[in-house]
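Numbering (the UniProt record's numbering), first residue to last: 1 to 378.
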């Protein structure tokens with residue numbers, strides 16, 4: 001199916017000769033990527049949609065009226081790209097739909113997400129994404145103080161809530177879920193747990209980590225720690241501190257008497273040990289990472305899923321990517337490029353550069369939505 005309908009899957013990815021190293025691809029992919037003009041509508045399933053400027057944060061009143069309640073008592077706001085070219089699929093209730101999940105600290109305004117949404121919308125598909133992830137600067141508007149939860153790679157409740165909501169809203173529309181980085185981990189874990197009942201036509205995971213213990217070890221290498229690990233850990237600590245009223249010691253998780261000294265967390269793993277693991281009922285970080293690693297769920301996947309990784313991804317080391325296991329799984333296609341970094345995949349000679357990841361995404365969703373009957377017969 002991919003050979004016939006998604007030719008990019010059979011290509012050899014060729015990065016610019018001056019930007020082939022994984023960390024450089026990761027950094028420049030974030031810095032040099034375009035930010036296409038995407039206008040969102042905030043969707044209130046009870047009152048309809050309304051246009052919202054791309055960078056306008058939700059007010060308290062609009063957040064309440066345009067929110068989906070989550071199982072933990074929080075709220076999930078879905079942003080949908082405005083003015084999709086729907087001439088190929090003029091019936092709104094049957095228009096193919098793409099739900100995109102951002103990575104850690106990502107939101108609907110992340111550059112990589114804007115580019116994916118823009119491509120999907122330009123192709124005539126409905127494209128949406130959570131306005132804020134569980135670990136972004138805007139998340140306090142999403143999650144009230146009584147639910148001080150950040151991201152959790154093993155927890156798929158928000159994704160389940162969003163998919164169920166979309167299925168009720170558009171029961172005749174084929175739905176495809178795409179996760180980037182952390183979002184990819186959650187998509188894969190969701191597919192493994194739900195099996196045939198996932199409610200999706202297909203899925204895509206871009207730069208997911210497969211073994212979180214291996215990822216933590218990779219991120220603690222000196223250069224990776226300086227470029228990525230410490231910055232992300234600091235951002236997470238600041239976020240939770242805001243929830244705690246400015247205190248760096250937060251009472252939370254299954255042991256309410258235990259102080260979580262977040263100011264001492266210098267890495268993502270230390271943050272997870274102090275906050276994420278106990279908040280979600282895990283005894284320690286290692287237990288949490290084991291439960292969250294999607295490689296353990298892959299054999300349970302029953303929905304076609306295309307996964308893209310780079311061998312030089314500092315967040316997902318090559319030895320942890322389940323290449324051998326994927327060979328024997330009929331519903332899983334795993335592409336591993338020699339270069340590309342983490343959500344990088346820059347191609348071309350000079351800026352503005354293209355993106356192999358974005359080309360692959362555009363071809364795959366078109367293949368699924370326009371030739372879905374072929375996919376179902378496999």
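For glycine and all other residues, C-beta sits at the position ideal for the given N, C-alpha and C.
Extent of the continuous alpha helix (DSSP H) run through residue i
i, result
"residue 336", "Looking at the DSSP string, residue 336 is not in any alpha helix (DSSP H); the run it does join, the beta strand (DSSP E), is 332-337."
"residue 379", "Here the chain has residues from 1 to 378 only, and residue 379 is not among them."
"residue 98", "Note, residue 98: premise wrong, no alpha helix (DSSP H); beta strand (DSSP E) at 97-101."
"residue 373", "372-377"
"residue 221", "Element bounds for residue 221: n/a, residue is neither H nor E."
"residue 29", "22-32"
"residue 290", "285-292"
"residue 226", "Counting along the chain, residue 226 falls outside any alpha helix (DSSP H), and DSSP gives it neither H nor E."
"residue 341", "First-last for residue 341: undefined, no H or E at that position."
"residue 271", "268-271"
"residue 264", "That residue, residue 264, is in no alpha helix (DSSP H); it is neither H nor E in DSSP."
"residue 3", "2-5"
Candidates the options, of which the one nearest residue i by Cα
i, options, result
"residue 186", "222, 104 and 267", "104"
"residue 356", "101, 309 and 367", "309"
"residue 361", "98, 75 and 12", "98"
"residue 341", "8, 29 and 11", "29"
"residue 159", "293, 267, 128 and 90", "128"
"residue 201", "82, 378 and 40", "378"
"residue 22", "306, 217, 375 and 343", "343"
"residue 118", "132, 79 and 91", "79"
"residue 151", "172, 120 and 233", "233"
"residue 25", "171, 116 and 227", "227"
"residue 203", "210, 299, 100 and 18", "100"
"residue 31", "376, 199 and 346", "346"
"residue 314", "274, 225 and 299", "225"
"residue 271", "179, 229 and 292", "229"
"residue 179", "265, 96, 112 and 349", "112"
"residue 265", "281, 235 and 223", "235"
"residue 75", "110, 132 and 283", "132"
"residue 296", "168, 69, 209 and 218", "209"
"residue 109", "130, 91, 94 and 92", "130"
"residue 11", "350, 71 and 335", "335"
"residue 371", "174, 273, 231 and 287", "174"
"residue 167", "96, 287, 239 and 322", "96"
"residue 240", "276, 365, 285 and 13", "276"
"residue 27", "287, 1 and 231", "231"
"residue 350", "2, 18 and 325", "18"
Residues bridged to residue i (per DSSP)
i, result
"residue 130", "78"
"residue 68", "76"
"residue 360", "Beta-bridge pairing links residue 360 to no other residue."
"residue 107", "132"
"residue 382", "Shown here, the chain extends from 1 to 378; a query on residue 382 therefore has no answer."
"residue 206", "180 and 308"
Sequence-distant residues of its chain with Cβ nearer than 6 Å to residue i (five each side left out)
i, result
"residue 114", "35, 36 and 38"
"residue 214", "317 and 320"
"residue 88", "124"
"residue 247", "At residue 247 the pLDDT is 45, less than 50, meaning the model places this residue with poor confidence; the figure from the coordinates comes in the next sentence. Cβ neighbours of residue 247 beyond the five flanking positions: none."
"residue 216", "269"
"residue 338", "311"
"residue 359", "8"
"residue 93", "170 and 172"
"residue 380", "An answer regarding residue 380 cannot be provided, because it is not within the stretch 1 to 378 covered by the chain."
"residue 59", "With a pLDDT of only 34 at residue 59, under 50, the local geometry of the prediction cannot be trusted, and the value read off the model is given with reservation. Same-chain partners within the cutoff: there are none."
"residue 307", "205 and 334"
"residue 163", "199"
Close Cβ partners of residue i (< 8 Å) along its chain, the five nearest in sequence each way excluded
i, result
"residue 301", "188, 191, 192, 195, 329, 331 and 332"
"residue 373", "none"
"residue 7", "363"
"residue 348", "16 and 354"
"residue 352", "32 and 34"
Terminal residues of the beta strand (DSSP E) in which residue i lies
i, result
"residue 180", "175-180"
Contact set for residue i: own chain, Cβ-Cβ below 7 Å, skip 5 residues either direction
i, result
"residue 4", "none"
"residue 303", "191, 198, 200, 202, 203 and 331"
"residue 368", "176, 201, 202 and 375"
In chain order, which alpha helix (DSSP H) runs of at least 4 residues are fully inside the segment 303-328?
-> 323-327
Which runs of the alpha helix (DSSP H), 4 residues or longer, sit entirely within the segment 153-204?
-> 157-169 and 182-194
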